[in-house]
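Here the structure is laid out as structure tokens; the discussion comes afterwards.
Number of protein chains: 4
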Amino acid sequence: MSMTLGQRLRTTLFGESHGPAVGALLEGVPAGIPIDIEFLMEELQRRRPGSGIASLRKETDECEILSGVYQGCSTGGPILLLIRNQDARASDYSFLPDKPRPGHADLPAMVNSSGAADPRGGGANSARLTAGLVAAASLVKPLLDEHGIIIKAHVSSIGSISTDMEPQDIPLSESSQRVRCCDPEVAEEMLAEVIRIRRSGDSIGSQVSLVINGLPLGFGAPWFEGLEPVLAHALMSTPGARAIEFGSGIAASKALGSEHNSPWYLGNQGPTTDGDGALGGMATGAPLRITLTLKPPSSITKVQKTLNISSGVQEELQVGGRHDPVLAPRAVPVVEAICRLVISDMILSRGEEDE
Amino acid sequence: MSMTLGQRLRTTLFGESHGPAVGALLEGVPAGIPIDIEFLMEELQRRRPGSGIASLRKETDECEILSGVYQGCSTGGPILLLIRNQDARASDYSFLPDKPRPGHADLPAMVNSSGAADPRGGGANSARLTAGLVAAASLVKPLLDEHGIIIKAHVSSIGSISTDMEPQDIPLSESSQRVRCCDPEVAEEMLAEVIRIRRSGDSIGSQVSLVINGLPLGFGAPWFEGLEPVLAHALMSTPGARAIEFGSGIAASKALGSEHNSPWYLGNQGPTTDGDGALGGMATGAPLRITLTLKPPSSITKVQKTLNISSGVQEELQVGGRHDPVLAPRAVPVVEAICRLVISDMILSRGEEDE
Amino acid sequence: MSMTLGQRLRTTLFGESHGPAVGALLEGVPAGIPIDIEFLMEELQRRRPGSGIASLRKETDECEILSGVYQGCSTGGPILLLIRNQDARASDYSFLPDKPRPGHADLPAMVNSSGAADPRGGGANSARLTAGLVAAASLVKPLLDEHGIIIKAHVSSIGSISTDMEPQDIPLSESSQRVRCCDPEVAEEMLAEVIRIRRSGDSIGSQVSLVINGLPLGFGAPWFEGLEPVLAHALMSTPGARAIEFGSGIAASKALGSEHNSPWYLGNQGPTTDGDGALGGMATGAPLRITLTLKPPSSITKVQKTLNISSGVQEELQVGGRHDPVLAPRAVPVVEAICRLVISDMILSRGEEDE
Amino acid sequence: MSMTLGQRLRTTLFGESHGPAVGALLEGVPAGIPIDIEFLMEELQRRRPGSGIASLRKETDECEILSGVYQGCSTGGPILLLIRNQDARASDYSFLPDKPRPGHADLPAMVNSSGAADPRGGGANSARLTAGLVAAASLVKPLLDEHGIIIKAHVSSIGSISTDMEPQDIPLSESSQRVRCCDPEVAEEMLAEVIRIRRSGDSIGSQVSLVINGLPLGFGAPWFEGLEPVLAHALMSTPGARAIEFGSGIAASKALGSEHNSPWYLGNQGPTTDGDGALGGMATGAPLRITLTLKPPSSITKVQKTLNISSGVQEELQVGGRHDPVLAPRAVPVVEAICRLVISDMILSRGEEDE
């Protein structure tokens, strides 16, 4: 079992939700990249629970950098990012492993590991491990900046409330900040909906939209190392992801070729198109648009039924713990982090001969 | 640039649409697997153009096995599968590289390779290379059979004509056979629609639905080697893929947790659920349902506009050649092949200690 | 830059000699392996400086296991092994980076990293990082035990003092223990020689011999994943390694085929031979014998000349710090650890179909 | 089982000695490299049997390039190199698999593959597969030329006849050409010795020395991706390799540090040393010297004993076929090819950020 993302830039997650620590070992960062600890902490803060709509688990997420950095810059060696677990109440999971939660990976993980996995809080499958992704991705931002590549995500739908607005910097309105949606009016509706759902002890599905700007024409590769396959792989690893769409997405299934094709023309940066941001795995110069669908969180406070593995009969289960009623808001920084790691990997994978 | 799919079972594609050959080098097949050449040829035949709705390019797709097989069984060494190109009319592509086709990777591939790529017929980006995938996948079917894993796909929508029927063996009705849809009545409508679209010189989007049955509870891995991420990666490499959905897919974005969660219960094969076939990358014992959205083929006979790269001005372009008006029917065996390779890889990746 | 050993069992080293920590992230350990912390600490203790002939750097080498272990067993997830640095006197290295030490990688590492490497004590190139290898390897010993594979190494030569005795458990004689040589009489000579060399401010070359018993006939793979290539790769990563020999080693260059060939015969465990323990990358059932030549340590207290990189002129350099006068004794547990990791990786790489 | 060498530049061998073909699939060659077919054929010719001292197997070794090349240059895609087998007399191997040859991998390969391997002529373990290595390596020579890196090998010893001369272009003297030794006087002795050995129905061990010039200071990486480990891995895959030495090799085991250390000084190309060409995995700017020891070929015409696997008793075996009495002369182009592939891989692995 490998928990590594990337080829040349490799991020390996480790840790368990209620074990001593989580984090990431990041390999392949070029030597001499300035390390911005402030930015790392901000990104972790963005991912952190604590807003009104998110889990109440309190964590300061102090991140230690234990190798690969010297005098404020990357050395080129592996960078160990360690985040100790602090506010973990294992007692919330005393029903495990006997009564696996519906919609969670508790039972598959237990069988997969022949019973050896740490079940508490989802163990290694916990979304808590995305902290390592976010911390790692913060370190490679200079690579993207240098190439003029900008990645932006926001929440484009919660339940049936949605916006067509493209991701941009989140405005300062309270509801936009709390649900991480750029459209302040829609954000207000979303927030009300989330509060309503939370009160009902339920949860709701959602979507994150993201746009990658600045990918130069031809960036990427055909087939299995192409932009779409590699991004699909990485983004579908986001906890709760159920679907991913590129460009017009599933709407393409109903389109005519004559509508869907978009002619090449000469833009300011050279040839480009108004159509898909990637074709056959390689960038067209147009913005690359992606929508990720996230299921409703499986942890709800409503009473559910599940199988008692020991007894073989179904029993009632009420899940305690502190959980988010919707995934997209906290997924925004995670999705951006994943894209940052993937695109940086692709930048680094272009060797000297490709320049 | 790597054109390899898989970790332990590695399929590397090679070739160009109008070069001497295409094919695959397949590594990691265990020693002693019986090689069924009949089945290999049948699978290639299924992928081949030639039905009323598909490209008229005629190819016998003779596949030579040049290594790794001895006395009818795999030796454990790399298996070279070579398919010579025969009926390739390069003259159909005399407009390249100057006038890249809208919606195709012609221009990104040319820039990506600094002008060195073979542009004819899409070169290495051509869907012709899926012949190598189909041939390779046919060889590992015994692995899936042995584990009782069954992969079935069919065309679930073409334009706005769709069926909810699950993939099963395609019935013998002519339209079902030609559009590869299990629902004979819908297939008839689809066929009429495709013929209409083809006559109009246009093309249409479509969807393939697929179901994987028999994955044992716990099969898979968390995070980046999980079922959903790894299948998303591989399937989004299918030419023209624009979206992939698992389980309820984008509908999950509107669902409540209390609806979407599905309790565990004791089935005939042990604990299972009626919900998602995979949770957190690992199988639940339920069927794993996937829908892949394919865009309308970019090659249409209608006159289009494109940029003349040499002159820098837009010009008209009429694409000749022989092309499919819809992707899904011919994608069915390709999508099944990709899943077969991915699942076999995951079977082989479970080491002796995991048994 | 990757600091990872192995394919399926992957050990990634991290850290710097004088940074906050060293250690290893170990991926691929099957779930359910009992973790023996006592043995881990004993192995680290064996590698530790402190005997009369070794470096005086004092380190307790407390090793924290921060992930991948639950209730005393491996979970199947990545295992983070963290060893904090304590007794590191960076002031000993104030001559760096201006005056690189002869025979050390100071200057190549500085150029390789465009000046960003941590130069203190060799940074990431320090033999201190072998602590991570030793800790990681201790965890997979149960895999080898289960397969009856036994790895034993000892010091077979120091300078021109050598023994033909095969590696076995080191006898309790003080000199055998201190130089880690199984032959007590030769060990006494070796110890006297090392003490003499140390007093003269110099250092001396040495050899470690190792034998792997219990590899079943056919274990391994041809070509680049064969026993000899993979072991050569891993063992030549030992700091200071200059040569590796398998079987009769360089003596084979003078042998006749009729002498060197050894007939197959029926042994107790099935067919075997008295010749090489591996042929064409695969085990023969005979013991696999390896000799690793280690150069004299480059850090000597004698005054040396080196280039002052800033001034461009040669200057005198006297290296302080605490260093070993001979590498082999402390390399014994490292070499065993490396073989343990390599052979475990090969065990795990044999999939279920190979059984 | 993988038969792939390299990370970014990947050469995968395929084929069997007496199957339809051998060859290599070469991935990672940058787009736009001119393909020199003449040079490819010359290199294959150098590796070919046929001189007075080598095997009499006649093969024209026509090599087809079936993908990845367009208009005389690499496209960036996988390059398939196919060499059909022609002059293979399988009847020479009718004693297999029952009577495995001493010193060959016949029996380990048979057990490793549970009896499925092609035993004829060593199957996939045959040195015939080095043709794929040689063909592949010829294609990347422009990469090395561009960086001013020169790799030269020659035969430095056969039995107890040896020379200290460094590898250089082989002089035109007949014996130098036939035994591939730069020292014409020693070559004459070697040739006489080889002829004597051959007449006696025996074989003899040998050594190849090689020097890599032009590696820039700092080229390489620490630990497992270092020059010495990676070269040791690749070169120990040469059929018959028993030992590899870097720099002073096993003589280092007897040296004092004060003798073995070599000071840094300012050379014409910048700082360098007269000592080892690599330290800690990275180049010093000095020539990198390597000696590879090859055992006597195991196929001899003298009558030998071996086990009859079916009957379980030892029997006499007389091996027919056409075999070399010494490995080093034909290994010279193979060893150069392996180094060319390894160094090219390392060049390509330095990303844009490293420049």
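Protein chains in written order, with this note's numbering: chain A, 1 to 355; chain B, 356 to 710; chain C, 711 to 1065; chain D, 1066 to 1420.
The C-beta atom is built at its ideal place from N, Cα and C for all residues, glycine as well.
Taking CB atoms only, D:Gln1110 has no neighbour in chain C less than 7 Å away. Residues of chain B whose Cβ lies closer than 8 Å to the Cβ of A:Glu166 do not exist; the shortest such Cβ separation is about 18 Å. Between C:Ile905 and C:Arg890, the gap from beta carbon to beta carbon reaches 7 Å or more.
D:Gly1279 is positioned such that its CB atom lies closer than 7 Å to that of D:Gly1213.
Judged by DSSP in its simplified three-state form, A:His154 adopts strand.
In chain order, Met1, Ser2, Met3, Thr4, Thr12, Leu13, Phe14, Gly15, Leu25 and Ala124 make up the part of chain A whose C-beta sits under 9 Å from the C-beta of C:Pro788.
Rounded to the nearest angstrom, the gap between the Cα atoms of B:Leu696 and D:His1083 is 29 Å. Nearest C-alpha to A:Met346 among A:Leu235, A:Thr293, A:Gly277 and A:Glu225: A:Glu225.
Taking a C-beta distance under 7 Å as the contact criterion, B:Ala587 and B:Leu360 do not qualify as a contact pair.
Annotation for C:Gly967: the continuous alpha helix (DSSP H) segment containing it runs Gly967 to His970.
When only Cα atoms are considered, C:Lys1012 and C:Asp912 end up about 6 Å apart.
A distance below 6 Å between beta-carbons, with the five flanking residues on each side excluded, links C:Pro932 to the following residues of its chain, in chain order: Gly990 and Gly991. Between B:Leu582 and B:Gly640, the gap from beta carbon to beta carbon reaches 7 Å or more. D:Thr1303 has a beta carbon lying at 7 Å or more from every beta carbon in chain C. Under the three-state reduction of DSSP, A:Cys339 is assigned to helix. Straight through space, the alpha carbons of C:Pro877 and D:Glu1381 are spaced by roughly 35 Å.
Apart from the 5 residues on each side of it in sequence, C:Arg794 sits with its Cβ closer than 6 Å to the Cβ of Ala731 in its chain, given in chain order. Within the same chain, Glu398, Arg401, Arg402 and Val489 come within 7 Å of B:Pro688 by CB-CB distance, once the 5 residues on both sides are set aside. Its chain contains Phe39, Leu40 and Glu43 as the residues whose beta carbon lies nearer than 6 Å to that of A:Ser138, once the 5 sequence neighbours on both sides are disregarded; these appear in chain order. As DSSP reads the structure, A:Gln304 sits in a beta bridge with A:Leu317. Between the beta-carbon of C:Gln917 and that of C:Leu1004 there is about 7 Å, and that keeps the pair under the 8 Å contact cut. Between the alpha carbons of C:Gly825 and A:Lys141 lies a gap of roughly 21 Å. Of the other Cβ atoms in all chains shown, fewer than 16 fall within 10 Å of the Cβ of B:Gly667; this residue is therefore exposed.
Within chain D, the residues placing a beta-carbon under 7 Å from that of C:Gly1022 are Leu1331, ordered along the chain. When only Cα atoms are considered, D:Phe1284 and B:Ile645 end up about 47 Å apart. Looking at C:Gly738, C:Asp1034 and C:Pro807, the one whose alpha-carbon comes closest to that of C:Ile789 is C:Gly738. With respect to A:Cys73, A:Gly32 sits close: the two C-beta atoms are nearer than 7 Å. Under the three-state reduction of DSSP, C:Met713 is assigned to coil, being neither helix nor strand. Taking a C-beta cut-off of 7 Å against chain B, the contacting residues of the region 178-202 of chain A are Asp202, listed in chain order. Considering only beta carbons, the part of the region 496-525 of chain B lying closer than 7 Å to chain A consists of Ser512, Gly514 and Ser515, in chain order. Counting along the chain, the unbroken beta strand (DSSP E) around C:Leu1004 starts and ends at Leu998 to Leu1004.
Among the residues facing chain C, A:Gly281 is not included, as its CB has no counterpart in that chain under 7 Å away. Around B:Asn568, no beta-carbon contact reaches into chain A at under 9 Å, the shortest distance being about 16 Å. The DSSP assignment places 1271-1278 as complete runs of the beta strand (DSSP E) inside the region 1225-1298 of chain D, in order along the chain (cut-off: 3 residues). Listed along the chain, the chain C residues whose CB falls inside 9 Å of the CB of D:Pro1394 amount to none; the nearest CB is some 14 Å away. Remark: C-beta atoms of B:Ala491 and B:Ala379 approach each other more closely than 7 Å.
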